Amino acid sequence: MAFDSFSAFMVMEGHGPYVWSCYAAFFLLMIGLMVWSLRRRKAAIEACRRGYEFQAGRQDASASAASFTRVKVSQD
Amino acid sequence: MWQFFHKLGSPKWFFGIATRLMPWLLAGGILLLMAGIVWGLAFAPKDYLQGNSYRIIFIHVPTAFLAQSVYVMMAVAAVVTLVWRMKLADVFVKSVAPVGLVLTFLSLFTGAVWGKPTWGTWWVWDARLTSMLILLFLYGGVIALDRAINDEKSAARAVAVLVLVGVVNIPIIQYSVEWWNTLHQPSTFKLTEKPSMPAEMWVPLLLSVLGLYLLFGWLACLRMQTEILLREQRTRWVKDYVLAGRG
Numbered sequence: 001m002a003f004d005s006f007s008a009f010m011v012m013e014g015h016g017p018y019v020w021s022c023y024a025a026f027f028l029l030m031i032g033l034m035v036w037s038l039r040r041r042k043a044a045i046e047a048c049r050r051g052y053e054f055q056a057g058r059q060d061a062s063a064s065a066a067s068f069t070r071v072k073v074s075q076d
Numbered sequence: 001m002w003q004f005f006h007k008l009g010s011p012k013w014f015f016g017i018a019t020r021l022m023p024w025l026l027a028g029g030i031l032l033l034m035a036g037i038v039w040g041l042a043f044a045p046k047d048y049l050q051g052n053s054y055r056i057i058f059i060h061v062p063t064a065f066l067a068q069s070v071y072v073m074m075a076v077a078a079v080v081t082l083v084w085r086m087k088l089a090d091v092f093v094k095s096v097a098p099v100g101l102v103l104t105f106l107s108l109f110t111g112a113v114w115g116k117p118t119w120g121t122w123w124v125w126d127a128r129l130t131s132m133l134i135l136l137f138l139y140g141g142v143i144a145l146d147r148a149i150n151d152e153k154s155a156a157r158a159v160a161v162l163v164l165v166g167v168v169n170i171p172i173i174q175y176s177v178e179w180w181n182t183l184h185q186p187s188t189f190k191l192t193e194k195p196s197m198p199a200e201m202w203v204p205l206l207l208s209v210l211g212l213y214l215l216f217g218w219l220a221c222l223r224m225q226t227e228i229l230l231r232e233q234r235t236r237w238v239k240d241y242v243l244a245g246r247g
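Those protein sequence lines, which keep their order, are chains B and R. FYI, UniProt numbering numbers position 13 of the first sequence as 13, with every residue one higher than the one before it. FYI, UniProt numbering numbers position 37 of the second sequence as 37, with every residue one higher than the one before it.
If you want it as structure tokens, here you go:
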């Protein structure tokens, strides 16, 4: 260990605020970047899935529109 | 060789390889980075001249190193885009530009905060700092240009040209500390010489550089996969992949 105690480690002989703000910025931005990238990939998969479902739904709709169904109508 | 080259251009092939590589890149990256940082923060001896503020080096050098190295990789990919029209190269440039932007910002930020106790100022308009700021603007320009052009192919070509024009900045950053008088200290790692630091300082630094490299690899794979999914969503394999993941 380069430091005698935990408080000495935090203070770093007066350089603590400089050192710790750098590390805070680093972790904040890197973790943010990682989480953002993971969420983007999830959102992309979700968007594709919805696209396919929409397409499938439209195909069903057009299929039923083109087919004949026997409807009983009173002839009187 | 050519078959390998051809395969490398196939988004589907890359997607599979990336999926297999990513857990290793993430685990290795976090492990090395944390080892380097903990070692550097708590165990490395303090600098005789700068005191403890020098401990910022364990994130300043990795981010600055990666920021430049990512740009060089983008430039190589830009050549591939222009010469061979390989789709994957363009996907790479587009996916990693925001990562490069964040890394450049972090190296500038940590540099400024380190400069205050060491030089007595947050910022000076000298060669190293200014050329690094230009790198930040180049990354921003690449992202903005790509978003401004709707057509995928025109965007790819315009971005590739911008990246190649900007690559002239990289040797300027690299040699700025030798060509001009600057407050910035010379490079810690040189290919031809042994580091001027003792091993207890440069080994953790090397660990955190390698760790950040691996972490960048993970981010690049992840972001490229996202881009590939969006671009190839009309293909059979993406449809199978997406629908299989659902159940």
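Where is the CB? At the ideal position from N, CA and C, for every residue including glycine. Computed from a predicted model, the values in this text were never measured in an experiment.
Contact set between residue i and chain B, taken where Cβ atoms lie within less than 9 Å
i: Phe15(R); result: None at all; the shortest Cβ gap to chain B is about 11 Å.
i: Leu106(R); result: Cys22, Ala25, Phe26, Leu29, Met30
i: Leu222(R); result: Met34, Ser37, Leu38, Arg40, Arg41
i: residue 259(R); result: Residue 259(R) lies beyond the stretch modelled for chain R, which goes from 1 to 247, so this question has no answer here.
Local conformation of residue i per DSSP, three classes
i: Gly16(R); result: helix
i: Arg208(R); result: Residue 208(R) is actually Ser in this sequence, not Arg. Three-state result, Ser208(R): helix.
i: Val71(B); result: coil
i: Glu227(R); result: helix
i: Glu193(R); result: coil
i: Gln185(R); result: coil
i: Ala89(R); result: helix
i: Pro11(R); result: helix
i: Arg236(R); result: helix
i: Val168(R); result: coil
i: Val124(R); result: coil
i: Ser5(B); result: coil
i: Gly247(R); result: Note that Gly247(R) has pLDDT 44, beneath the 50 cutoff, so the model's placement of it is unreliable and the number below is only indicative. Coil.
i: Pro198(R); result: coil
i: Asp60(B); result: helix
i: Ile143(R); result: helix
i: Ile149(R); result: coil
i: Val242(R); result: helix
i: Trp180(R); result: coil
Test: residue i CB closer than 8 Å to a CB of chain B
i: Phe92(R); result: no
i: residue 249(R); result: Look at the range of chain R in this structure, 1 to 247, and you will see that residue 249(R) is not part of it.
i: Gly247(R); result: Any answer about Gly247(R) is weak, because its pLDDT of 44 lies below 50 and its placement is not dependable; what the coordinates show is given next. No, Gly247(R) lies away from the interface with chain B (no Cβ there is under 8 Å from its Cβ).
i: Arg55(R); result: yes
i: Val165(R); result: no
i: Asn169(R); result: no
i: Ala51(R); result: Per the sequence shown, residue 51(R) should be read as Gly rather than Ala. It does; some Cβ of chain B falls within 8 Å.
i: Val242(R); result: yes
i: Lys12(R); result: no
i: Val96(R); result: no
i: Lys239(R); result: yes
i: Val142(R); result: no
i: Lys46(R); result: yes
Candidates the options, of which the one nearest residue i by Cα
i: Val165(R); options: Gly36(R), Thr19(R), Thr130(R), Gly141(R); result: Gly141(R)
i: Ser10(R); options: Val163(R), Ile170(R), Phe92(R); result: Phe92(R)
i: Val177(R); options: Thr130(R), Ala155(R), Ala18(R); result: Thr130(R)
i: Leu138(R); options: Thr121(R), Pro117(R), Gly115(R), Val167(R); result: Val167(R)
i: Leu118(R); options: Arg70(B), Leu33(B), Ser62(B), Val19(B); result: For the sequence presented, residue 118(R) should be read as Thr rather than Leu. Per the Cα distances, Val19(B).
i: Ala67(R); options: Lys153(R), Leu229(R), Leu136(R), Ala148(R); result: Leu136(R)
i: Val161(R); options: Leu49(R), Arg85(R), Leu210(R); result: Arg85(R)
i: Tyr54(R); options: Pro62(R), Phe65(R), Thr63(R), Gly40(R); result: Gly40(R)
i: Met132(R); options: Leu183(R), Val79(R), Phe105(R), Leu210(R); result: Phe105(R)
i: Ala158(R); options: Pro171(R), Ile17(R), Ala144(R); result: Ala144(R)
i: Ala112(R); options: Gly28(R), Pro45(R), Ile56(R); result: Ile56(R)
i: Ser107(R); options: Thr226(R), Gly245(R), Val209(R), Val242(R); result: Val209(R)
i: Tyr48(R); options: Ala97(R), Gly211(R), Phe216(R), Pro198(R); result: Pro198(R)
i: Phe43(R); options: Thr235(R), Leu26(R), Leu243(R), Glu200(R); result: Glu200(R)
i: Trp179(R); options: Ser69(R), Arg128(R), Phe216(R); result: Arg128(R)
i: Ile134(R); options: Arg223(R), Gly28(R), Tyr71(R), Gly217(R); result: Tyr71(R)
Under 7 Å by beta carbon: chain B residues contacting residue i
i: residue 292(R); result: As shown, chain R starts at 1 and ends at 247. That puts residue 292(R) outside it, with no answer to give.
i: Leu230(R); result: Ala44
i: Lys116(R); result: Tyr18
i: Gly217(R); result: The contacting residues do not exist; Gly217(R) stays about 13 Å from chain B at best.
i: Val113(R); result: Tyr18, Ser21, Cys22
i: Val99(R); result: Leu33
Closer than 8 Å to chain R by CB, residue i
i: Ala25(B); result: yes
i: Val35(B); result: no
i: Ala61(B); result: no
i: Phe54(B); result: no
i: Arg41(B); result: yes
i: Ser7(B); result: no
Chain-ordered neighbours of residue i on chain B, where CB pairs are closer than 8 Å
i: Thr110(R); result: Cys22, Ala25, Phe26
i: Ile59(R); result: Cys22, Tyr23, Phe26
Contact list for residue i against chain R, beta-carbon separation under 8 Å
i: Met1(B); result: Ala42, Phe43
i: Asp71(B); result: It should be noted that the sequence gives Val, not Asp, for residue 71(B). By Cβ distance, chain R contributes nothing, its closest Cβ being about 35 Å from Val71(B), past 8 Å.
i: Met10(B); result: Result: empty, since nearest Cβ-Cβ is about 11 Å, beyond 8 Å.
- Query: Which ranges would you report for the alpha helix (DSSP H) in the region 15-79 of chain R if only whole runs of at least 4 residues count?
  - Reply: none
- beta strand (DSSP E) runs contained entirely in the region 8-46 of chain B, provided each spans 3 or more residues: none
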